[in-house]
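With numbering that gives the first Met the number 0, the residue at position 49 of the sequence shown is 48, and numbering never jumps.
Report on the structure given below.
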Amino acid sequence: MPILVRRSPQLARALVQYRNYATANKETLVVVGGGWAGYNFVRKLDKSRYNVICVSGSTNFVTTPLLPSSASGSLSFRDIVEPLRSTSEVSFHHSWAEDVDIANRTLTLVPASSPAFRAKDPLVKEQQRDARAETPERLQATYKLQYDKLVIAAGSYNQTFDTPGVKKNAFFLKDIESASAIRYQIYELLDMATWPLLSDADRQALLTWIIVGGGPTGSELAAELHDLVEGKQFRNAYPLIAPDIRIKLIDAAPTILSTFDKRLAQYAAAKFRRAGIEVLTSRKIKRLNTWSIETEQDGTIPAGIVVWSTGIKAPPLVERMRGVAKDKRGFLQTNQQLQIFKESNAHQDPEPLQDVYAMGDCAQIKDHFLPATAQVANQQGVFLAKVLSGKVSDPAQRRFEYFHRGSMTNIGGGEGLVDAPMGKLKGRLAWLAWRSYYWISSVSLRNKLAIISKWTWNSVLGRDISRF
0 MPILVRRSPQ LARALVQYRN YATANKETLV VVGGGWAGYN FVRKLDKSRY
50 NVICVSGSTN FVTTPLLPSS ASGSLSFRDI VEPLRSTSEV SFHHSWAEDV
100 DIANRTLTLV PASSPAFRAK DPLVKEQQRD ARAETPERLQ ATYKLQYDKL
150 VIAAGSYNQT FDTPGVKKNA FFLKDIESAS AIRYQIYELL DMATWPLLSD
200 ADRQALLTWI IVGGGPTGSE LAAELHDLVE GKQFRNAYPL IAPDIRIKLI
250 DAAPTILSTF DKRLAQYAAA KFRRAGIEVL TSRKIKRLNT WSIETEQDGT
300 IPAGIVVWST GIKAPPLVER MRGVAKDKRG FLQTNQQLQI FKESNAHQDP
350 EPLQDVYAMG DCAQIKDHFL PATAQVANQQ GVFLAKVLSG KVSDPAQRRF
400 EYFHRGSMTN IGGGEGLVDA PMGKLKGRLA WLAWRSYYWI SSVSLRNKLA
450 IISKWTWNSV LGRDISRF
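Structure representation (structure tokens):
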């Protein structure tokens, strides 16, 4: 068919006219967000029923649990992303949703390529940034998008708890850009630490890497960085400074991995300490400076990099929304059908909005607290896709029920943890289960092949230590 279309302009025009006619007679369904909830919703939705539009500030879906692996070089960045522009059945807008006019069923969007929203790329030279900043004004202007049904799956942002210096000095691990920035900074610090004129104190500061947040993401990053440093290839490349690298994992809670079974969390903490990762729990952070972090318990700790991986807050779109119910933390409040509630006082029963849904990290079901995890978001996306595809005829089944399949994490050195309803695992077998699960979770065959190839390559030749 593509060959016929290229050779027959008349046929091409006819197909365009037919597509326009079909689109005009369908409801427009807009999905805001391309993360676990939004991406899987679009994948599972019967797209023949709607004119589907996806709005996202990123052009890719990211397998976020593998971000620590990409930041440390055990996987390539391309191995863990899937393009959102993957099908002609879905129109894609690379834009940020600034506001929602629920009464008029209108979204206000701004192009995500605008310099105001573009994250700084450490590989882009200043003169290139200046040239990029000269984007034509018409490509930066806001515009309107009408919808019949709206699904908000806008994710979350890092919660800094108003700690001074965090926004300016910390690195975050939420997307490919931030993972790339962390990797670049690590190798920048290694190069700086080899300068002959540095004092021992300054060199040790550069080689002290701190992760704030002892949840799965922070713990996995600490484990991945430790495995990187202990690798033979890394030791050969940096023989004089590798022994001086210090990795510190800081958490405000009494233990790391507090959502796991207590014995599993203790096992992970003990393993980290044996490996030389310093675990500092029950710490209150006062301030982040350019080259240090301050805690009430330890005073000032010099650091070359601080990665902030603790807490979430509602995204700007949700913060700006008016006339809708929110919980105490500012997240959208929904019923079990994932419909957003209208704003109401404490003496009124909340009323759901018709045709406006929310799911994933940006929302909470009223009186049914759920953790902000990929597992929850994925299940919600699949559930809502079935409902809006007309595949759920029984009204009793149109209520979202979360099924917890368990939690797993990589703790480095070929070991992992699995905390599942069917049982608990630690060590090598748990690590293999963790790898297998996320390999299966990769969507495309290309990524499945790339990941297994990269893991095999690493086991034979060591991981990539290139600076890029």
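We treat Cβ as the ideally placed atom computed from N, Cα and C, and that holds for glycine.
Residue i, DSSP secondary structure in three states
| i | result |
| --- | --- |
| Q265 | helix |
| I439 | helix |
| K119 | Confidence in K119 is poor, its pLDDT being 45 and thus under 50, which makes the residue's placement unreliable; the coordinate value appears in the next sentence. Looking at K119 - three-state DSSP - the assignment turns out to be coil, as it is neither helix nor strand. |
| L424 | strand |
| F402 | coil |
| S465 | coil |
| E295 | coil |
| P242 | helix |
| V513 | The question about residue 513 has no answer here: the residues shown for the chain are numbered 0 through 467. |
| P315 | helix |
| Q126 | Interpretation of Q126 is limited by its pLDDT of 44, a score under 50 that renders its predicted location unreliable; the figure taken from the coordinates is listed afterwards. Three-state result, Q126: helix. |
| D418 | strand |
| Q363 | strand |
| G411 | strand |
| I255 | coil |
| P67 | helix |
| I368 | Residue identity differs from the one stated: residue 368 is Phe in this sequence, not Ile. F368: coil per DSSP, three-state reduction. |
| V41 | helix |
| P82 | strand |
| V381 | helix |
| V391 | coil |
| N24 | coil |
Beta-carbon proximity of residue i to residue j, cut-off 9 Å
| i | j | result |
| --- | --- | --- |
| N457 | R434 | no |
| Q110 | Y437 | This sequence places Pro at residue 110; Gln is not what is there. No, these two residues do not count as a Cβ contact at 9 Å. |
| Q396 | I364 | no |
| G37 | S55 | yes |
| Y183 | R466 | yes |
| E346 | I276 | Note that residue 346 is His in the sequence shown here, rather than Glu. No, they are not a contact pair. |
| F171 | V306 | yes |
| G32 | G359 | yes |
| S441 | I52 | no |
| G217 | I255 | yes |
| I300 | T159 | no |
| V211 | I292 | yes |
| K325 | S155 | no |
| I249 | G298 | no |
| R319 | D100 | no |
| E219 | P67 | yes |
| W35 | A419 | no |
| V150 | F40 | yes |
Which residues DSSP lists as bridging residue i, in chain order
| i | result |
| --- | --- |
| W307 | F171 and V211 |
| L279 | I249 |
| L188 | Answer is none; L188 lacks a bridge partner. |
| L287 | I292 |
| C53 | V30 and F91 |
| D226 | According to DSSP, D226 bridges with nothing at all. |
| L144 | L106 |
| P351 | F340 |
| N157 | I311 |
| K325 | L331 |
| L149 | V29 and V355 |
| I300 | I292 |
C-alpha distance - residue i paired with residue j, whole-angstrom precision
| i | j | result |
| --- | --- | --- |
| V381 | R245 | 42 Å |
| T193 | A204 | 13 Å |
| R128 | E342 | With a pLDDT of 46 at R128, under the threshold of 50, the modelled position of that residue is not reliable, and the figure given next carries that caveat. Those two C-alpha atoms are separated by around 43 Å. |
| D366 | A153 | 21 Å |
| W454 | F233 | 17 Å |
| D463 | S69 | 10 Å |
| R282 | P215 | 18 Å |
| L337 | L227 | 42 Å |
| L352 | S177 | 35 Å |
| S94 | V30 | 12 Å |
| N505 | V89 | For residue 505 there is no data in the structure shown, the boundaries of the chain being 0 and 467. |
| R48 | E26 | 8 Å |
| R445 | P163 | 43 Å |
| W430 | L239 | 31 Å |
| G426 | L416 | 7 Å |
| S179 | D393 | 46 Å |
Any non-hydrogen atom of the ligand FAD closer than 8 Å to residue i Cβ
| i | result |
| --- | --- |
| K25 | This structure simply doesn't include the ligand FAD, nor any ligand for that matter. |
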